[in-house]
Each structure stands twice: as structure tokens, then as C-alpha cells.
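Respectively, the protein sequence lines represent chains A and B. So for the first sequence, numbering that gives the first Met the number 0 puts the first residue at 0; every next one is plus one. So for the second sequence, numbering that gives the first Met the number 0 puts the first residue at 0; every next one is plus one. Inspection log for the structure reproduced underneath, given as C-alpha cells.
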Amino acid sequence: MTTETLLRRITDYGNRADPYPLYEELRATPVARQEDGTRLVGTYREILHLLHDPRISSDLRNRRHRERAAPDDEDDQGLPPAFLKLDPPAHDRMRRLFMRHFGPPHSPRRVSALGEELPGIITGLVDGLAGRNRIDVVDDFAYPFPVTVICRLLGVPREDEPRFHVWADAVVASIDPGPEENPGERRRAGQQAKAEMGLYMSGLMADRRGSPRDDMLSGLVNDDIADSGVEPVELVTNSVLLFVAGHETTVNLIANGMLTLLRNPEVLADLRAAPAAMPQAVEELLRFEPPVHMLTQRTPLTDVEIAGVVIPEGVPLSLVLASGNRDPQRFTDPDRFDPWRPDNQHLGFGGGVHGCFGAPLARLEAQLALTELIRRLDSPRLAADPPEYRRNPVLRGPRRLLVDFDGMRP
Amino acid sequence: MTGRDGRIVVVGASLAGLRAAETLRDEGFTGSLTVVGEERHEPYDRPPLSKQVLLGRVPPDHVALPARRPVDADWRLGVRATGLDLEKRLVRLSDGADLPFDRLLVATGVRARPWPDEAQAALDGVVGVRTLEDARGLLERLEAGPRRVLVIGAGFTGSEMASVCRERGLDVVVAERGGAPLIGALGGVLAEVAADIQRAHGVDLRCGVTVTALEGDGRGRLARARLSDGAALEVDVAVVALGAVRNTEWLAGSGLAAGPRGVACDAGCHAFDLNGVVTDDVFVAGDVARFPHPVYEYQLLALEHWGNAVAQAEVAAHNMVSPGVRKRPHLSLPAFWSSQFGVNIKSLGVPSFADEVAVVQGSVEERRFVAVYGYQGRVTAAVAFDQAMWLDFYGRLIEAAAPFPPGFDTVGRPGKPEVLPADVPDPAVLSHGPTVAVTGHLPDERRVTLLRPPG
């Protein structure tokens, strides 16, 4: 088959359970032109270079008009784009402002303080599964856990979950690059959801103006942004971005993690015996089954030559991170899951200025969650393999992960 | 004797010496390994000494270099090498012992250039900042709350010292003979930015002046400094930051090409003898080495950079235990960083090897930008202020001898950049155009290729 159809085949739901052979095919061509003009890049070194290349824009307004038929580029109901879809310097100003309330140097304790609450949240969820012999790791654990955490971090009431669950699903469906169904309809639904979420978020922020609590929304809304170059409405759109991102990616990391460990029982046994190795195992997971498979929002500002091929100015460019992570030129025996792999500089969190904002929190969540799950579940095994996957080929992960087990350890 | 046994002596127990010793064992060297270090301490890390340690964020005894692996070595610490006999293959030590070797690595680094007047230098309050003892002493003085600190020299160390003083709320005067801070390393355009940053942070910056005398209070304590413009300053502490002296005196008369500018070696870290003939068994790495770099017309570079010490030590150690065809060149681009006044400055390439400079990303006004340096129409260096994440891209331009000024748009900065004269002091060493480029990605595939000029 021709490499021109690779994107179509990758997005084809039939290939969701195992896209890796397609990625291998992709890596044979450094820059694979697709039927719609999109260029796919799937080799590690080229992805790494493009992630750090200042000629590559993340702002879809830089696409040539006729090539802009991208999943998510229409006017977002008058809302300005979040920093994920902006270039420096606007990107940097917003991200810096948000980082002031999330990480060092201004908020060095935010993640570690939250980290102290995580074991309690995990234990609560796992205790709630007692008396059962089958769980759905996604709905029973991998989804509710990070949602609780992102709610706690931002200051979103957990009891509003029924409302924002629907919104988040609509937003995620809208960035599905698959050509099937009705992309226009999905896009409109996604924008509608974002607008509603924005209203909801600004309501929460208004409550905190002048009466701060211990959460990020309070920090943001009471920060002096006069000189930051950031508009108040951008606080709202970026909070929505973080909320959705914090929602949708860690779910995959934990569910993919459980799936991978259950497929590699000897590794699972090793980790149960030596939980101190879990941080390395999570890094390997981020390589082996990353929660975000590709970055679809890039556009060259000028003709860019990479690996001897010119990517023309203005065309859609997608970096297939999950393929780079399996590049045998970079990783020895790349299709083997090996937590003890040395020099594991994976692309699981992307890289460059758009490198994952929440990475430190995601790491901590996955490490603690997987450690506790494998410690508590007695003889866990997959009830179905492969599991049922979510539709989305970008934020790829199981929709359901049924696991049978013999009992719950204390 | 094969490559993997015999006796290896490493002279110098700091960053380059330690990393070389570790690499030797990594590469399967099973013979006897002796590491000689003048300081009594286990190998420690110097960059924090002028930053976190003086700010009180890292205790002085927490700067030991992390061991990458166990090194089975005989550590001779607190002992200085005093001589080298190449014929007898002996290193002479200050404790009277002679150390025989089959292969030798010279990694003796540099020391701080002392204040030239010994009596003035001995005043209580006159300090340097290079060693752990220096940092301990200085920390004590800064914590005592001096009324005013004088920093002599506005290179990277001096500028970082000024930054520490301001962060501690201390009055600080910086005296620099050149026209602006960091001008030797970054050229005039970025040096002016550095000067603005210092002044905005309340540094009393005085350029174009020298300190002519340090005077005591009659009881051996520093009381004031006199400047060449006639000013007299009451100061409690004077930090001497006049750059470095290479530790090569012990090699005098050894027959090696060693002198005040360092020990000359080839790209494989083999030392040259006085005649410029390469030696087989004597290697050099770290701040004390002068090595040819193809990107800079094979001129000999001497770098006081952390990353260079590591990379060169690894190449030297690899070559010490590898047969000819397996040897590697030390081709990594010079790189350094500095943090001062809340700004992270990072440099790649050799900014002083330039005739022009252009800001290609970000904004100087926001103090967040990337500047690219060019020499005769090709890119030779890039410097980032708080934008270090882009530098690898420019490193590839430097290695490919890409045209200068860059003709492409970058994120957030469309259009052609304004090109300014680089204003590098003393450009006497600059001459020809590009002839080669560095290629390859893995350590053993990095090679030099000849370039044909276009057209």
C-alpha cells in the first residue's frame, strides 16, 4: 500500500488496537506526504529536531488557506486560542503566567503538596472496588482518579462531574483527525462545549476573586496580570485547556499502563516486588504506549528541509510521537517493554516550548496509581485482549479495560 | 600491554578527571588507575559555588559531583603534581613520590587569577571565587552583611557575584576594564543588554575603569578601593574575578607543548610535544586543554566550560583504551550557561568568532531572545537569554556552516532580522571562510566533511 494513505489507515478505527505496524511503515519514509497534503514524520531524530525548530509554528493561522481543513481551526465562538495553539511570544507569556501557579520557582510546592493527597484518593477508589472480581480499569479507576486530581488542583467542584464529563468528551471528539462521520458537526459540538466550559470556569473564577482558596484558579484570578500581556479571558480559555488536558491524557497513561503490565506479567511481578522501580516503568510506558500519539497542529513558516526532504511552507505537519518512540535507530529492541531500559529519552511528553505542562503531575499520578493497583489486586488478568479502544487515534487508549482478579489485598 | 590494562595516571581530580576515570572503567579498562588531586576534597561541582551556595540555598558541603559508577582507583588527594618526566614515564608529586605510568591524562584545569599585589591580596576581605574554601569564606562574609561589596571584573563569575549580592540586598559595585559586562564572551551588542540588566537590578556598574589599589584600615582589614578614574570606594569585601590561570607550571621542562594558554592537543586529545609532534600516551582534557576545532578553522580553543570538560574527558578516556581505528574526535560545540539577575544565559558555539550578530527570536526589550552570530556569512554561534530550548536548532546551523544572516521566519518574529556589527573586542585571530562542517549524530559517527562553496 502507498504511504499516501497512512494517515487514513492510522485514523481507521480498525487499526486502533495496534497502529505500530503502520508506524513502522511510516518510518521507512522520513517525510510521508498524505492524500490531503499533510506531511507525517515518524522517525525519532526528525521529530526531535522539528519539536525544537523555530521555523515550525503551532498556530493554525499560519496554514495556507486551502490546507487549513484541519480538525480544530475554526473560530472558537469568539474565544481566543489557548497557549497550546499559539507561538511565542504570546504562548510564552501565557504559559509562564500559568506556570507561576503550578511549578517552580514560584510554586515549588504545588505538585508535591497535591502528591500528599493522592494516596488517600487512590485508596478511596480502590477500597470502593472491594467485593468484586471484575473491574473496568477505565471507568472504575483510570478516569475518576485524574479527574479528582485535576478538580482539586484547579478548584473545580468534583460534584459537577456530570456536566463537565459531557463537555470534555465533546472537546476530545472534535480533535479526532479521522475523516469519517461528520467532522463539521463534531467540531461545532466541541466548540459549543468549550464555550460552555468557559462560562462555567469564569463563574468559578469570579467566586474566587478576592476570596482565594488553595487552588490554581484562585492563584490565577488574584494574580496581578496587568504587566503580563495576558488578557483575563485568556485565563479562562487556558484553564479550560488545562482541565481537559489533565482529564484526558492521564486516563490513557494509567489504562495503557495497566494493560501493558498485564501483558507483561513478569515485569508486573518485578514491580510488585520492587515498587521503587515504578518511576522508570512509567517512563518506559510513556515511550511504549504514550497517551498522545501524534501532534497534528504544526505548520512550517518557511520551506524546511529535514532528512533531505523539503516540507513546504504552510502545509499541515503531524509529528507521530508514538512512532518516534519505537524508532529502532534510537531505541534498541523498541517493541520490547523494558522498564530497565537505559537512556530512555522518550517523546511521550512531546518537547520544546510545547512540552507537556503537566508532566510532573502526570508522572506522579501514574506512579502512585499503578503501584497501588498492582499491590492491591490479587492475580489480576485481562478479561479481553485487545480491549475496546476509544475512537480517538491521537489521545489513544482503551475505552474499557476489563480485568478479572481473585480478591483485594488490604 | 593492551589498551585495557597497564597503568593510567590522571592528574586532576575535578570534573574532567572524575569523568575520565569513570569512562575508562566504563570502557573496560582493568589496569591500575591513580587519580591525583591538589585539593583535599572528593571531586566537586563548581558552577553552584558562584550561585546557589552563595545564596545560601545549597550548603557548601553538598556540591560533591555525583558518581556515575564506582571507580576502582587510587585517589591521591591533597597532593600536587610537580613535574613530568616523559622519558622515564613518571609524574613527580609534592609529597616526594614518583608515580609511574603507561598512559597519562593531564586534567589540571585552571585556578583563579589572583589580585596582582600580594600584600593587598592578603587583606582580610579580599577574596576569590573558584574553590570550595573560597565559596565558604565568601558565604560567611556575605552573611555578615557587608556595607558594600566590590566585584573586580564583569565576566561571568563577576556578574554572577553581582547578581548574588543584589539578591541578598547588598550594595555592590562592579568595576570592569572593558566597555560592558560579558563583552569578551558575548560581544558589544549583548554586553549592552547585560549592562542594562545589571543597572536595572541596582548594580553600581562602572565600566572602562580599573581598580588601582585595595587599601587596608591599618589593622589588616580591607577598607577602600581606588579606581583609575580617581574614585575612592569604601568597601568591606572585594571579590577578585579576573579570570583564570591555567595550571601548566608543573609541565615546564617536560617537553610538552604546555604554557600559559594551556596544553595543546589534537582533536583526539593526544598532547603535542614542543615540536608540535603528537604524543602517543599523554592525553589532555578539560579547561587546561587547547584543541583544534574544525568549525573554527582548526584554531586551538581553550574553553572553561563545564560541558566541554565532560565531553572532552569522555573522548580522551575512550581514546586512551581504544586502538587507532576506534578513536574518536572531540567535535562537540562549545557551550556554556550562566544564571544571573533571574536570567538564564546560554551560549552555543564561539560568539567571539563573529563579525555580525542578529536577534532572530524573541525580544531584547522583554529580555527573552535568541541572538545568532555570523562570521563572513556563516553562522558561528548563538546565545539565548531565557530561550535556551531553541539552541539545539542553532547548533545544527553552526555545524552545517549555514548562511548568515538566517533568511527564514521564526515563530513570533517574521521578517528579516536586523544585522548589527558583532563588536567583539580584539578580532585579530579571525581570518578565512568556511571549509568544513561537522556531521553525524552518534559519538562514533561524528566526522568532519569538506564543504564546497555554492556556485
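Even glycine gets a Cβ: it sits at the ideal position worked out from N, Cα and C.
Membership of V188 of chain B in the alpha helix (DSSP H) is indicated by the continuous run I182 to A199.
Just measuring C-alpha positions, the residue of B:A240, B:R39, B:R18 and B:E86 sitting nearest P115 of chain B is B:A240.
For W336 of chain B, the nearest beta carbon of chain A is not closer than 8 angstroms to its own beta carbon.
With fewer than 16 other beta carbons inside 10 angstroms of its own, N132 of chain A counts as exposed. It is roughly 43 angstroms from the alpha-carbon of H105 of chain A to the alpha-carbon of E23 of chain A. A distance below 8 angstroms separates the beta carbons of R399 of chain A and D135 of chain A. Residue ranges of uninterrupted beta strand (DSSP E) with 3 or more members, entirely inside the segment 48–107 of chain B and ordered along the chain, are 73–76, 80–84, 89–92, 97–99 and 102–105.
If you draw a straight line from the Cα of A270 of chain B to the Cα of A256 of chain B, it is about 7 angstroms long. Take the alpha-carbon of E365 of chain B and the one of G394 of chain B: they are about 24 angstroms apart.
Judged by their CB atoms, R140 of chain B and V126 of chain B are nearer to each other than the 8 angstroms cut-off. Rounded to the nearest angstrom, the Cβ distance from R165 of chain B to V202 of chain B is 6 angstroms, consistent with a contact under 8 angstroms. Counting only the Cα atoms, R245 of chain B lies some 30 angstroms from R220 of chain B.
In its chain, beyond the 5 residues on either side, G323, N324, D326, Q328, R329, F330 and L346 have a beta carbon closer than 8 angstroms to the beta carbon of Y43 of chain A. For the set A:E282, A:H292, A:G350 and A:P289, the Cα lying nearest the Cα of D337 of chain A is the one of A:E282.
Sequence-ordered contacts of the segment 394–422 of chain B with chain A read R395, G406, F407, D408, T409, V410, G411, R412 and P413 [C-beta pairs closer than 9 angstroms]. Listed along the chain, the chain B residues whose CB falls inside 7 angstroms of the CB of H51 of chain A are M388, W389, D391 and F392.
By the C-beta criterion, the segment 212–221 of chain A is judged to be in contact with the segment 151–160 of chain A, since at least 3 inter-stretch pairs fall below 8 angstroms.
Cβ-Cβ distances below 8 angstroms link P291 of chain B to D265, A266, Y297, Q298, L299 and L300 in the same chain, with the five nearest sequence neighbours on each side left out; the list follows chain order.
As a beta-bridge residue in DSSP terms, Q298 of chain B pairs with B:H292. G41 of chain A is positioned such that its CB atom lies closer than 8 angstroms to that of R26 of chain A. For E21 of chain B, the nearest beta carbon of chain A is not closer than 8 angstroms to its own beta carbon. Between the alpha carbons of L92 of chain B and W389 of chain B lies a distance of about 46 angstroms.
Under the DSSP assignment, I373 of chain A falls in the alpha helix (DSSP H) whose first and last residues are A358 to R375. In this structure, L316 of chain A lies near R38 of chain A, with their beta-carbon atoms less than 8 angstroms apart. For T42 of chain A, no beta strand (DSSP E) run applies, since DSSP gives it neither H nor E.
The residue from B:V418, B:R446, B:T409 and B:V423 with its alpha-carbon nearest to that of S56 of chain A is B:T409. Taking the beta carbon of L300 of chain A as reference, the chain B residues within 8 angstroms of it are F407, D408, T409, V410 and P413, listed in sequence order. By the CB criterion at 8 angstroms, L181 of chain B and A190 of chain B fall inside the cutoff. With fewer than three CB-CB distances shorter than 8 angstroms, the segment 155–173 of chain A does not count as touching the segment 5–24 of chain B. P299 of chain A is bridged by DSSP to A:I55.
Take the alpha-carbon of F403 of chain B and the one of A353 of chain B: they are about 11 angstroms apart. Contact annotation: the segment 1–20 of chain B does not touch the segment 48–60 of chain B, with fewer than three C-beta pairs closer than 8 angstroms. It is roughly 7 angstroms from the alpha-carbon of H304 of chain B to the alpha-carbon of P333 of chain B. Identification of residues in the segment 340–355 of chain A having a C-beta nearer than 9 angstroms to some C-beta of chain B yields G350, G351, V352 and G354, given in sequence order.
For the options B:A231, B:A212, B:A308 and B:V320, the alpha carbon positioned closest to that of E117 of chain B is the one of B:A212. Not a single C-beta of chain B is nearer than 8 angstroms to the C-beta of R60 of chain A.
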